[in-house]
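Worksheet: one structure, shown below.
Here you go:
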């Protein structure tokens, strides 16, 4: 029991004697710990945006250049943590370079790198094909992604202006003889179609071309001509032999709207049309409203009027 009391008194004396000095020592220990921790070396990989510096005015890259490189670094934690994708820049210097294929070493611009160890840059060098900048005038063709409505055909098109001037790397320009527009859909179109279109830049990423939109008119002609026929007789089919229909001479269609092949449209004989009402399900006298049907499957019937007919059925 006396031993426990002695231990307690020693503990009280420790925490109450020179308390200020002990607190300062404790804070100093924490500060030293965090300082040493911040100085520990760690590794990190960031993405550095790649810039082309000192590009000669008369030259242009003919190949695709990566937009960024990966930079692996190591160094004090306090500095490493402040390095990120936004403040990390890489570059290649093209000063005094002539046309042709060249390999350039990738350099870093961030001043913080002088305090860090650069483990690796991926890729560490960039191959660039530098071409002379040339210009040429080429025709423009529409890029059509679908066909017109069934029964319609494209007979031609007109683009204003019909040609445009483009510029870019000489080697790429030599392979381009025509420029396409952005995709144009003709789905559901059955007549002349006019629209403003842009050039299809996605297919020519290394080429400079006009930004102004062009006027495209596509000439579309239907294979068919619409014609309207009137007073077309309707016949009665499958009538029970014990029944009769009153006033069959009045069974007519007031109007039939048709699409006929262009070559036959004006020589077509309306007597070839066959419309009927089917009474096979009628076995009793009375008044009925029945649909009008046709056997002319080779014709394109757009509409008929009326679509149904009222009839009076009686027993013989």
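In the numbering used here, the protein residues as written are 62 to 377. Quick reminder that beta carbons are idealized off the backbone N, C-alpha and C, glycines included. A quick note: this is a predicted structure, and the numbers were derived from the prediction, not measured.
Item	Value
9 Å Cβ cutoff, residue 194 in contact with chain D	Reference to chain D is not applicable here, since this structure consists of a single protein chain.
Length of the line joining the Cα atoms of residue 308 and residue 336	17 Å
Per-residue DSSP class, three states only, for residue 364	strand
Bounding residues of the alpha helix (DSSP H) (the contiguous stretch that carries residue 231)	231-234
Integer-rounded CB distance, given that residue 283 should sit under 8 Å from residue 326	About 10 Å; that fails the 8 Å criterion.
Simplified DSSP assignment, three categories, for residue 264	helix
Local conformation of residue 278 per DSSP, three classes	strand
Buried/exposed call for residue 277, threshold 16 Cβ in 10 Å	buried
Same chain, Cβ closer than 8 Å to residue 242, neighbours up to 5 away in sequence not counted	201, 202, 203, 204, 220, 258, 259, 260, 261, 275, 277
Neighbourhood of residue 126 by C-beta distance below 8 Å, restricted to the same chain and skipping five residues each side	111, 113, 187, 189
Where residue 341 falls: helix, strand or coil (DSSP)	coil
Residues that DSSP places opposite residue 164 in a beta bridge	188
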